[in-house]
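Everything below concerns the one structure shown next.
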Amino acid sequence: EDVRFLARRLVILASEDVGNADPAALPLAVAAAQACELVGLPECQLNLAQAVTYLACAPKSNAATIGIFEALADVREGRLLPVPVHLRDANYPGAKRLGHGQGYQYAHDHPDGIAPQDYLGVERTYYRPTDRGFERELAKRLETIRARLRAARQPPADQQM
Numbered sequence: 027e028d029v030r031f032l033a034r035r036l037v038i039l040a041s042e043d044v045g046n047a048d049p050a051a052l053p054l055a056v057a058a059a060q061a062c063e064l065v066g067l068p069e070c071q072l073n074l075a076q077a078v079t080y081l082a083c084a085p086k087s088n089a090a091t092i093g094i095f096e097a098l099a100d101v102r103e104g105r106l107l108p109v110p111v112h113l114r115d116a117n118y119p120g121a122k123r124l125g126h127g128q129g130y131q132y133a134h135d136h137p138d139g140i141a142p143q144d145y146l147g148v149e150r151t152y153y154r155p156t157d158r159g160f161e162r163e164l165a166k167r168l169e170t171i172r173a174r175l176r177a178a179r180q181p182p183a184d185q186q187m
């Protein structure tokens with residue numbers, strides 16, 4: 027097979043099959059593809075062998091792949107929502123009049139960089155991390171984010187009935 031085709035397939039495999047279970051897989055596959063361009067045959071077989079063995083042994087997850095296809099399906103099927111007003115560009119004449127950017131919260135001004143604001147406009151989840159590899163850590167991080175967002179939606183205790 028053409029070495030560029032093989033290298034390209036490894037880059038795709040790193041995202042499609044390994045994904046966030048091992049985020050190091052993608053830069054490794056890209057580096058192998060670049061090494062093939064730089065070194066050429068026959069020596070770049072060594073670069074490909076290293077990438078292939080790493081990818082074969084890496085934990086696997088297609089959660090990001092599933093998520094993007096679900097999001098694209100929503101777009102194709104017309105399940106589109108307008109961008110929330112606070113996220114709309116406020117850097118042009120007339121934006122303030124339209125309310126664009128009003129209420130925007132800068133994530134870096136909040137604990138752990140989590141701003142309690144709505145980004146999608148609906149309760150919809152596209153990315154559901156697995157319990158494999160690094161996605162275990164991402165799942166914990168997502169739960170922290172979601173808990174903070176849920177808590178921010180709750181009225182203060184003295185205002186609850």
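For the sequence shown, this note's numbering assigns the number 27 to the initial residue and increments by one for each residue that follows.
Note that beta-carbon positions come from the ideal geometry of N, C-alpha and C, so glycine has one too.
No experiment lies behind these values; they were computed from the predicted model shown.
Helix, strand or coil at residue i [DSSP, three-state]
{"i": "residue 160", "result": "coil"}
{"i": "residue 144", "result": "coil"}
{"i": "residue 151", "result": "coil"}
{"i": "residue 42", "result": "helix"}
{"i": "residue 56", "result": "helix"}
{"i": "residue 165", "result": "helix"}
{"i": "residue 137", "result": "helix"}
{"i": "residue 86", "result": "coil"}
{"i": "residue 105", "result": "coil"}
Neighbourhood of residue i by C-beta, 6 Å cutoff - its chain only, sequence neighbours within 5 removed
{"i": "residue 262", "result": "Residue 262 lies beyond the stretch modelled for the chain, which goes from 27 to 187, so this question has no answer here."}
{"i": "residue 141", "result": "131 and 133"}
CA-to-CA distance, residue j to residue i, given in whole angstroms
{"i": "residue 146", "j": "residue 107", "result": "8 Å"}
{"i": "residue 79", "j": "residue 123", "result": "57 Å"}
{"i": "residue 144", "j": "residue 30", "result": "43 Å"}
{"i": "residue 69", "j": "residue 154", "result": "40 Å"}
{"i": "residue 91", "j": "residue 67", "result": "32 Å"}
{"i": "residue 38", "j": "residue 171", "result": "29 Å"}
{"i": "residue 119", "j": "residue 105", "result": "30 Å"}
{"i": "residue 102", "j": "residue 110", "result": "20 Å"}
{"i": "residue 86", "j": "residue 121", "result": "45 Å"}
Close beta carbons around residue i, own chain, < 7 Å, minus the five adjacent residues each side
{"i": "residue 83", "result": "none"}
{"i": "residue 98", "result": "none"}
Reference residue i; option with closest CA among the options
{"i": "residue 55", "options": "69, 67 and 33", "result": "33"}
{"i": "residue 88", "options": "40, 63 and 129", "result": "40"}
{"i": "residue 75", "options": "50, 142 and 36", "result": "36"}
{"i": "residue 178", "options": "136, 116, 158 and 161", "result": "136"}
{"i": "residue 61", "options": "50, 51, 49 and 77", "result": "77"}
Residues near residue i by beta carbon distance below 8 Å, same chain, minus five either side
{"i": "residue 150", "result": "100"}
Residue environment, residue i, which counts as buried when at least 16 other CB atoms sit within 10 Å
{"i": "residue 47", "result": "buried"}
{"i": "residue 63", "result": "exposed"}
{"i": "residue 164", "result": "buried"}
Proximity test, Cβ basis, 8 Å: residue i and chain C
{"i": "residue 53", "result": "Chain labels in this structure do not include chain C; a single protein chain is all it has."}
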